[in-house]
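Step one of this worksheet: look at the structure below.
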Amino acid sequence: MEEIIEQLREANEPVPVPLELPDEDLLVEIEEQLFIDIPFVFKEFLLTVSDVVYGSLEPVTVTDPQSHTYLPEVAANAWDAGVDRSLIPICQDGDDYYCVEEDGTVVLWQAEEELIAEETWESVWHWARDVWLES
Numbered sequence: 243m244e245e246i247i248e249q250l251r252e253a254n255e256p257v258p259v260p261l262e263l264p265d266e267d268l269l270v271e272i273e274e275q276l277f278i279d280i281p282f283v284f285k286e287f288l289l290t291v292s293d294v295v296y297g298s299l300e301p302v303t304v305t306d307p308q309s310h311t312y313l314p315e316v317a318a319n320a321w322d323a324g325v326d327r328s329l330i331p332i333c334q335d336g337d338d339y340y341c342v343e344e345d346g347t348v349v350l351w352q353a354e355e356e357l358i359a360e361e362t363w364e365s366v367w368h369w370a371r372d373v374w375l376e377s
């Protein structure tokens, strides 16, 4: 995890208005909006690297309600598209969504088939290493 955080920090691209990292209280508010608990490993991700801008993928953020990556908005869109309500989207990729399951596993929900792809990632950190850093 520490190594992936370091890689993401090094890859972070400068932007005119940098994102802010959330605090624990904000994550509690987000959970209340979603009516679902955020898995611990995904909370760690949001608390440590949700301000990183890198590559072609844009993981969800929680500090700016006006952002197109704002988790409650992305989640509402994903669930409307057919993503199971028990999954929390971590990143939209076209019409598809990378989502975290209750146990912290990351899956890819494919819109065209309206199902979860076979490939999974053990945690959001594995997903960040294998997918986000490669985007």
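Just so we're on the same page, my numbering is the position in the sequence shown counted from 1, plus 242.
Note that the Cβ used here is the ideal one computed from N, Cα and C, for glycine as well.
Values in this document were obtained by computation on a predicted structure and should not be read as measured data.
Leaving out five residues on either side along the sequence, give the residues of the same chain with a beta carbon under 8 Å from the beta carbon of residue i.
{"i": "L269", "result": "I280, K285, L288, L289, V304"}
{"i": "R327", "result": "I278, W321"}
Using a C-beta cutoff of 9 Å, does residue i count as contacting chain C?
{"i": "H368", "result": "The displayed structure is made up of one protein chain only, and chain C is not part of it."}
So if DSSP puts residue i in a beta bridge, which residue, or which two residues, is it bridged to?
{"i": "Y312", "result": "T303"}
{"i": "T362", "result": "V349"}
Smallest Cα separation from residue i: which of the options?
{"i": "V366", "options": "V257, E248, E354, Y340", "result": "Y340"}
{"i": "V291", "options": "V348, T347, L261", "result": "L261"}
{"i": "V325", "options": "W351, E344, D337", "result": "W351"}
{"i": "D293", "options": "E315, P264, R371, P314", "result": "P264"}
Do residue j and residue i have their beta-carbon atoms positioned less than 9 Å apart in this structure?
{"i": "E364", "j": "V348", "result": "yes"}
{"i": "A359", "j": "G297", "result": "no"}
Which same chain residues, not among the five before or five after residue i, have their C-beta less than 7 Å away from its C-beta?
{"i": "T362", "result": "T347, V348, V349"}
So, do the stretch 326-337 and the stretch 291-302 have three or more beta carbon pairs nearer to each other than 8 Å? yes
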